[in-house]
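I have placed the structure first, in the form of structure tokens, so that the comments after it can refer back to it.
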Amino acid sequence: MSQLNSAAPNQTTTTLTLAKALNAGMRAALAADPKVLLYGEDIGSLGGVFRVTEHLQKEFGEERVLDSPLAESGLIGTAIGMAQRGYRPVVELQFDGFVFPGFDQITQQLAKLRFRSQGRVELPVVVRFPYGGGIGSIENHSESVEAYFAHTPGLTVVTPSNPNDGYWMIQQAIATPDPVIFLEPKRRYHEKGVVQLDAPAHGLHEAAVVRPGTDLTLICWGPMVRTCLDAAAAAEKEGRDLEVVDVRSLQPLDFATIARSVEHTSRAIVVHEAQRNYGPGAELAARLQEELFYVMESPVLRVSGYDTPYPPSKLESDWLPNLDRVLAAVDQSMAY
Amino acid sequence: MNTAMSIGRPTDRPSAQPGRFQPQQPVETPLVQLLRPDGTLTSDPDFAPTLSAGQVAEMLRDMTLIRRFDTEGTALQRKGQLSLWAPLLGQEAIQVGVHAALGQHDHVFPSHREHGLAMLMGLPVERLLGIFTGQETGDWDADEVRFHHLNMVIGGHTLHGVGYAMAQQRDRQADAAADDGVSLIIHGDGAISEGDVNEAYIFAAAYQAPAVFLCVNNQWAISEPVERQSIVPLYQRAWGFGIPSVRVDGNDVLAVHAAMQWALDRARNGEGPSFIEAFTYRVGAHTTSDDPTKYRSKEETADWQIKDPLSRTETWLRSEGAWDDAQQAHLDQEAEAFGAQVRSAVNNVTTPRFEEIFDRVYAEPTPDLIAQRAQVLREVAAL
Ligand SMILES: Cc1ncc(C[n+]2csc(CCOP(=O)(O)OP(=O)(O)O)c2C)c(N)n1
Ligand SMILES: [Mg+2]
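Have a look at this one:
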């Protein structure tokens, strides 16, 4: 926190980008607990390809911030072993498309050891990586993989959409006794926001109403929160008052907050970058119809990526949900 | 105390001395080198140059054109025409030496930096540039070009290459008239740590597949030095898998060619897989998004530039009387023209129509994909 204190000695807020807020959050966690380790490819002297761990190796040393061999299964598997002996590894995977060499270790080992050991083994491992598209990358660098992990019992899955959440959620994730898949919306890394330094606004697994409204609820997370807020601002000009709920935690899901919102708007649209079929929107739509069928004025709609692999980047703006597609879905929902 | 009982106590344990417990590490790791950095010939007990000066002059030409391709790639990225470029500067001799040794039915399973080899194998530069403009993902027929599609998930393709080699082997067992092609699998010094790559060695050895592994050790995997991946020289890794290996000077086009010929011949003759570590240096950044000043010294890079593959080849050719100023001037002109060709090629890459993506997912689009395609077309029509 030294950097923050020197930047704003007597203030309780500061303005940071999401990348810098995550960096500050990890710095605070490293300073607070000597068992916290950062572990990943190119996170040391380079500070990660997005510079999220910049300067941390210099400040905390190579014993706390470890550059690893190029092997994701190895990274997750050894993090599990370290966690079994009381360490709290925070593993960085370089991109969303590169989690898969570590998929067994995440979904069959990390996720299940507590259960396998009948509750005895605790694995406070955070696996963080940038996800989603929108930055003009080549193949395997724009994947939205949240459903795989939210579908796996034993894992928790969270995603900050803004710098304040980035700063607090990474610290809360590191303090969690269970594995956390921590998804960072890479296209929002450089967006700035106010960070409250004294206390978090929400618990790690709480959803947040980020814009109140009365006509319809947009349900979203990570990179799509900004898109939905923009859509809500545009809809306001047409006289529509949209509420935006930032889900923040996909597993566990704070369905109570989502339900409260939809109870008073009676309409809901789920917006995510991930492909539609069997995607996270399907879970939310199912829950809404199971629990709120009688309050709904219209079916739950989904605005998502299409059911193809992520396209070459020159086509990505047509593939990703955008303002127009969200507004078209709003029209469709309101027309019922 | 019964002495027999004490056997196995920690204090009585022999230390893991080289010899019985691990191989004796050679003080100096032998490097196959035929052409020294100063452009003079040297000899190797196992490998001899088999190329005429005329052939080497052709290789100098190829290296020069590849370097030009690479320079243009970086420049196009700077101008915003490519979203990314992975420079190959300094690694030209490997790609040219490999190409000269490849047989006409051999298949290449490349890593992400073999742009020059792709070009030499006849892949139109547009197709490779199209990946880096973000318009294409691999618009070529790998059966025809024999240069397989780029895989960005490090290491995964090495298993594909081994499987392809296993299929080549089966084809020959089934039909003596089948082609004599073998598979060349290229990966980096970083990739060597991936589980898939190690499994590729295991499968290649288990089935004695006609495969050659070319490990391009350019000393860096983004910001991580090769020492982070291995505490033994990389070529020695292969021994534990039962794969014969050599380390070759990757900036010496004669040595790369000779070693590659050896390995390809072994595969072709049914002697199983081999491993070649090409010892070189990534002179440029990892990609145009990278900043090497954060993790390595300018001195290190400068030291390696002295070992430049092009200049040593030119020096040798001149000493043989096989190269002169006129030829160099002609080559410079050719490179200039080629550069212009690359710059215009990038403009020939077209962005596919969005709805085409729905047709590439399965042999037949699913009902959902057909519906999504129709919806997209309706939206386009409504605009
Ligand atoms: C599975 C996976 N993990 C991480 C990356 C990110 N990445 C891309 S290239 C690279 C380094 C590769 O180094 P090396 O194998 O030595 O090849 P070089 O780039 O030096 O040619 C890394 C870590 C990736 N593409 N795939
Ligand atoms: Mg390398």
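As they're listed, the protein sequences go chains C and P.
If you count the first sequence from 1, position 223 lands on 282 in this note's numbering, and the numbers rise without skipping.
If you count the second sequence from 1, position 179 lands on 228 in this note's numbering, and the numbers rise without skipping.
For each residue, glycine too, the CB sits at the ideal point set by N, CA and C.
What are the residues that DSSP puts in a beta bridge with residue i?
{"i": "residue 296 of chain P", "result": "P:326"}
{"i": "residue 275 of chain C", "result": "C:301"}
{"i": "residue 242 of chain C", "result": "C:188"}
{"i": "residue 269 of chain P", "result": "P:274"}
{"i": "residue 75 of chain C", "result": "C:252"}
{"i": "residue 156 of chain P", "result": "P:232"}
{"i": "residue 212 of chain C", "result": "DSSP lists no partner for residue 212 of chain C."}
{"i": "residue 130 of chain P", "result": "For residue 130 of chain P, which the question treats as bridged, DSSP gives no partner whatsoever."}
{"i": "residue 270 of chain C", "result": "C:303"}
{"i": "residue 84 of chain P", "result": "P:90"}
{"i": "residue 67 of chain P", "result": "P:71"}
{"i": "residue 196 of chain P", "result": "P:157"}
Which chain C residues sit within Cβ distance under 7 Å of residue i?
{"i": "residue 19 of chain P", "result": "There is no way to answer for residue 19 of chain P, as the model of chain P reaches only from 50 to 432."}
{"i": "residue 277 of chain P", "result": "126, 128"}
Against residue i, what residues of chain C qualify as contacts under a CB-to-CB distance less than 9 Å, listed in chain order?
{"i": "residue 218 of chain P", "result": "Simply none; closest approach about 27 Å."}
{"i": "residue 119 of chain P", "result": "By Cβ distance, chain C contributes nothing, its closest Cβ being about 17 Å from residue 119 of chain P, past 9 Å."}
So that I know if they touch, is there some Cβ in chain P lying closer than 7 Å to that of residue i?
{"i": "residue 77 of chain C", "result": "no"}
{"i": "residue 341 of chain C", "result": "no"}
{"i": "residue 81 of chain C", "result": "no"}
{"i": "residue 358 of chain C", "result": "no"}
{"i": "residue 130 of chain C", "result": "yes"}
{"i": "residue 376 of chain C", "result": "no"}
{"i": "residue 372 of chain C", "result": "yes"}
{"i": "residue 72 of chain C", "result": "no"}
{"i": "residue 389 of chain C", "result": "no"}
Starting from residue i and walking both ways along the beta strand (DSSP E), at which residues does that stretch end?
{"i": "residue 334 of chain C", "result": "327–334"}
{"i": "residue 361 of chain C", "result": "360–364"}
{"i": "residue 277 of chain P", "result": "No beta strand (DSSP E) contains residue 277 of chain P, which DSSP labels as neither H nor E."}
{"i": "residue 266 of chain P", "result": "260–266"}
{"i": "residue 234 of chain P", "result": "232–237"}
{"i": "residue 126 of chain C", "result": "124–126"}
{"i": "residue 147 of chain C", "result": "147–151"}
{"i": "residue 215 of chain C", "result": "215–217"}
{"i": "residue 310 of chain C", "result": "308–310"}
{"i": "residue 98 of chain C", "result": "95–99"}
How far does the alpha helix (DSSP H) with residue i in it extend, from its first residue to its last?
{"i": "residue 296 of chain C", "result": "282–296"}
{"i": "residue 261 of chain C", "result": "From DSSP, residue 261 of chain C is part of no alpha helix (DSSP H); its letter is neither H nor E."}
{"i": "residue 379 of chain P", "result": "374–397"}
{"i": "residue 251 of chain C", "result": "It is not in any alpha helix (DSSP H) - residue 251 of chain C instead sits in the beta strand (DSSP E) that spans 251–255."}
{"i": "residue 421 of chain P", "result": "416–431"}
{"i": "residue 350 of chain P", "result": "347–354"}
{"i": "residue 392 of chain C", "result": "382–393"}
{"i": "residue 247 of chain P", "result": "244–255"}
{"i": "residue 166 of chain P", "result": "164–169"}
{"i": "residue 189 of chain P", "result": "From DSSP, residue 189 of chain P is part of no alpha helix (DSSP H); its letter is neither H nor E."}
Cβ of residue i less than 7 Å from any chain C Cβ?
{"i": "residue 280 of chain P", "result": "no"}
{"i": "residue 299 of chain P", "result": "no"}
{"i": "residue 242 of chain P", "result": "yes"}
{"i": "residue 268 of chain P", "result": "no"}
{"i": "residue 343 of chain P", "result": "yes"}
{"i": "residue 160 of chain P", "result": "no"}
{"i": "residue 346 of chain P", "result": "no"}
{"i": "residue 403 of chain P", "result": "yes"}
{"i": "residue 363 of chain P", "result": "no"}
{"i": "residue 400 of chain P", "result": "yes"}
{"i": "residue 239 of chain P", "result": "yes"}
Which residues in chain C have a C-beta closer than 8 Å to the C-beta of residue i? List them in chain order.
{"i": "residue 143 of chain P", "result": "Ordered by position in chain C, no residue passes the 8 Å Cβ test against residue 143 of chain P, which lies about 20 Å from the chain."}
{"i": "residue 201 of chain P", "result": "156, 197, 198, 199, 200"}
{"i": "residue 272 of chain P", "result": "101, 103, 104, 105, 126"}
{"i": "residue 245 of chain P", "result": "160"}
Anything in chain P within Cβ reach of residue i, meaning under 9 Å, just list it in chain order.
{"i": "residue 367 of chain C", "result": "406, 407, 409, 410, 418, 421"}
For a contact defined as C-beta to C-beta under 8 Å, what are the partners of residue i on chain P?
{"i": "residue 148 of chain C", "result": "Going along chain P, no residue has its Cβ under 8 Å from residue 148 of chain C, so there is no contact; the nearest lies around 17 Å."}
Residues of the segment 127–141 of chain P in Cβ contact with chain C at a cutoff of 8 Å, in chain order, please. 132, 133
Residues in the segment 220–252 of chain C having any Cβ partner in chain P nearer than 7 Å: none
Anything in the segment 95–111 of chain C with a Cβ closer than 8 Å to a Cβ of chain P? List those residues in chain order, please. 100, 101, 103, 104, 105, 106, 108
Going along the segment 407–432 of chain P in order, which residues come within less than 7 Å of chain C, judged by CB to CB distance? For the segment 407–432 of chain P, which is checked against every Cβ of chain C, the residues closer than 7 Å are 407, 410, 417, 418, 421.
Residues of the segment 323–348 of chain C with Cβ closer than 7 Å to any Cβ of chain P, in chain order: Within the segment 323–348 of chain C, the residues whose Cβ lies closer than 7 Å to any Cβ of chain P are, in chain order, 336.
Can you pull out the residues from the segment 157–176 of chain C whose beta carbon lies closer than 8 Å to at least one beta carbon of chain P? Per Cβ criterion, the list reads 157, 159, 160.
Against chain C, which members of the segment 167–196 of chain P pass a CB distance test of less than 9 Å? If the cut-off is 9 Å between Cβ atoms, the segment 167–196 of chain P has 179, 180, 181, 182, 183, 184, 185, 186, 187 near chain C.
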